[in-house]
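A short write-up of the structure that comes next.
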Amino acid sequence: MRTLIRHGTVVTAASATPRDVLVDGETIARVEPGIDEPADREVDARGKYVIPGGIDVHTHLDMPLGEITTSDDFESGTIAAAFGGTTSVVDFAVQSQGRPLAEALETWMRKAEGRAALDYGFHMIVCDLPPEREAELDALVSEGVTSFKLFMAYPGRLMLDDATIGRVMKRAAANGATVLMHAEDGGAIDALVRQALVRGQTAPKYHALTRPAKTEADATRRAIALAGRAGVPVYIVHVSAAEAVEEIAAARGRGALVWGETCPQYLFLSDECYDAPDFEGAKYVMSPPLRPKAGQERLWKGLAANDLQVVATDHCPFRMKDQKTLGRDDFTKIPGGAPGIETRMSLLYDGGVRAEKLTLSRWVEVTATNPARLFGLYPRKGAIAPGSDADIVVWNPQRETTWSAATHHMRVDYNPYEGRLVKGAPDLVLSRGRPVVDGGRFVGRAGAGQFLRRAAR
Ligand code: DUC
Ligand code: ZN
Ligand code: ZN
């Protein structure tokens, strides 16, 4: 099957130029002006942008948390992602304490296989690793799982001590993996949480009040120091606080190998959401929490100036109806996380490019190209170039969407951006040359997605 996309503006991380794109089978064959070749399908992209499909390197599909599970699985989640202009996800396999890492990978492979409509890869969340089992990390790298997420928060569950973090980092330095860090000071937060509960402070807003920005900034600084000692690059996930951006910017200024990811919720929503009446604030219970509005400009500037390199979603959906309500009388029991896999590209286009905070190329770079570069997928993904996978979005800058739980495709009963009007949406989404979303309809297939073996550094 050959598809010729004509008369569009091809936007890459480097340029925005009028080009035609010829797709042959699963890959891009030519990117040139005025291609005149026969094709099975011609797409008129006049007035539209032709961009590499979005890559969301931070999702939690079908993820158990205690007795419950995130409400999107690999089918519903990747379909929703496609509607939003994303064509690949990198999700997190989670090690069970004391169990082999390979077992977690197998479990997550089974969750995705036959269900994912888009290509998918995995990071591994490592929550315990005695020295004699470090070789398991090397085995993951050979399987294409080339990044490990570690936690500095959630003592007793996911948090690692500095010695273990140091060992995993050294091993990653040697086997070419990258370390992702959840940077929040778990000890300090736990103390604040216990105090709040003693005082009877149980409402959702206390989730945010017990995780102050300083706990994020302090942990960020420590993560960078530990990574520096081990000689491994560290990618700080879900950066929410201006103070944490300062730590990353300062370290990069000193030449440290550190990258920062933020998420739309931290760019567009603020801690005022926790003042919502009744239990509504639970919609925004996530870690790190939403921060004061005043700090958002620092995140935007950080993205524009390359202090931060990636916008991913941390898509971690739980229903309000019967999941978030588990914490009605105790904020510590509210499952943390919010949906966003579908809304990322349009929010960033509307509130970033149209608002003149990001250039078109930077929008593509932080949503697709950098995620591919940092996680071993480039130039197969994240590029519009001959030889790259034909993961292509024809982006209509005029198409409007009013985000709502009533019409979105994520399998969750609320949308954090309910009622927000955005301009810019995909007209056509191709995954390895095959249409998955066309004119607002899903035309792909659950199970068509392939596992992405990612390269090490
Ligand atoms: N960290 C994440 O990255 N996602 C969900 C919860 C968390 O703490
Ligand atoms: Zn995290
Ligand atoms: Zn996450």
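Counting from 1, position 430 in the sequence shown corresponds to residue 430 in this note's numbering; the numbering is continuous, with no gaps.
Note that CB positions come from ideal geometry on N, CA and C, so glycine has one too.
Leaving out five residues before and five after residue i in sequence, what residues of the same chain have Cβ atoms less than 6 Å from its Cβ?
| i | result |
| --- | --- |
| T215 | E184, D185, A188, I189 |
| G114 | G447 |
| K205 | Y274, G281 |
| L65 | P335 |
| A383 | P52 |
| P471 | Here the chain comprises residues numbered 1 to 457, so residue 471 is not present and cannot be evaluated. |
| V393 | I51, G53, G85, P426, V429 |
| A242 | G295, R298 |
| Q323 | I68, P335 |
| G376 | T146, R454, A455 |
Taking C-alpha atoms, which residue in the options lies nearest to residue i?
| i | options | result |
| --- | --- | --- |
| A390 | Y378, W300, T401 | Y378 |
| D40 | R110, R171, M1 | M1 |
| F451 | C316, S404, G144 | G144 |
| Q97 | G387, I125, P212, R319 | I125 |
| L209 | A217, V193, F268, G121 | V193 |
| N415 | A338, G351, R380, A304 | A338 |
| R319 | D72, A29, V21 | D72 |
| S76 | V364, E400, P397, G340 | G340 |
| P292 | D128, S240, V31 | S240 |
| T146 | G200, D91, E132 | D91 |
| T87 | T78, Q95, A93 | T78 |
| V422 | D413, T401, A406 | T401 |
| R454 | V141, G433, Q195 | V141 |
| G121 | R6, W395, R46, L61 | L61 |
| V23 | A14, T17, A13, I35 | I35 |
| E342 | V437, A16, R254, A13 | V437 |
| A174 | A135, V89, L348 | A135 |
| L267 | D56, A276, W300, R254 | W300 |
| A249 | S287, P212, A305 | A305 |
| R254 | Q309, I224, E272 | I224 |
| G351 | A385, K321, R420, V285 | R420 |
| P212 | V198, D162, S287, E261 | S287 |
| R399 | R99, P277, A385, L347 | L347 |
| P371 | G260, T70, D162 | G260 |
Report all residues from its chain with a CB closer than 7 Å to the CB of residue i; omit the five preceding and five following residues, and keep chain order.
| i | result |
| --- | --- |
| M159 | F151, M152, A153, G186 |
| K170 | A230 |
| R252 | V258, D307 |
| R221 | E247 |
| T164 | L129 |
| A29 | L22, V23, P386 |
Assuming residue i and residue j form a contact by the criterion Cβ under 8 Å, report the distance between their Cβ atoms to the nearest whole angstrom.
| i | j | result |
| --- | --- | --- |
| V311 | R354 | Contact doesn't hold; Cβ gap of about 15 Å is too wide. |
| V237 | H182 | 6 Å |
| T313 | H58 | 6 Å |
| L428 | Y235 | Incorrect: roughly 31 Å between the Cβ atoms, too far for contact. |
| A456 | G176 | 3 Å |
| A227 | V168 | Between V168 and A227 the Cβ distance is about 11 Å, and since that is not below 8 Å, they are no contact. |
| R19 | E37 | About 14 Å; that fails the 8 Å criterion. |
| V10 | V21 | 6 Å |
| G449 | L105 | Rounded, the Cβ-Cβ distance is 16 Å, inconsistent with contact. |
| D303 | A16 | Going by the sequence as given, residue 303 is Leu instead of Asp. Not a contact, Cβ separation roughly 18 Å. |
| A102 | A45 | About 44 Å; that fails the 8 Å criterion. |
| D56 | A80 | Their Cβ separation, rounded to whole angstroms, is 11 Å, which puts D56 and A80 out of contact at 8 Å. |
| F83 | H315 | Contact flag wrong, Cβ pair sits at about 13 Å. |
| M63 | V94 | 7 Å |
| W395 | K111 | With a Cβ gap of about 30 Å, W395 and K111 do not count as contacting. |
| P397 | G424 | 5 Å |
Within the same chain, show all residues whose beta-carbon is closer than 8 Å to that of residue i, passing over the 5 residues directly before and after it, in chain order.
| i | result |
| --- | --- |
| D329 | T202 |
| T325 | F279, A282 |
| S270 | L290, R291, P292, K293, Q296 |
| A458 | No answer is possible for residue 458: the residues shown for the chain start at 1 and end at 457. |
| P155 | G186, G187, D190 |
| A405 | V412, D413, Y414, N415, E418 |
According to DSSP, what are the bridge partners of residue i?
| i | result |
| --- | --- |
| E67 | Partner(s): none; E67 has no beta bridge. |
| T465 | Since the first residue shown for the chain is 1 and the last is 457, residue 465 is missing from the structure and cannot be characterised. |
| P335 | According to DSSP, which records beta bridges pairwise, P335 is partnered with nothing at all. |
| Y235 | L180, W259 |
| M124 | A93, F148 |
| F442 | V437 |
| Y49 | T9, W395 |
| P155 | According to DSSP, P155 bridges with nothing at all. |
| I189 | None, per the DSSP bridge assignment. |
| V429 | V393, V437 |
| E32 | D20 |
| I79 | I79 is not bridged to any residue. |
| R421 | The amino acid at residue 421 is misidentified as Arg; the sequence shows Leu. L421 pairs with T402. |
| F451 | Y120 |
| G228 | DSSP output for G228 lists no bridge partner at all. |
- Under 6 Å from any heavy atom of ligand 2, by CB: list those residues in chain order, please. H182, V237, H238
- Closer than 6 Å to ligand 5: residues, by C-beta to nearest heavy atom, in chain order: Judged by which ligands are present, ligand 5 is missing from the structure shown, whose ligands are ligand 1, ligand 2 and ligand 3.
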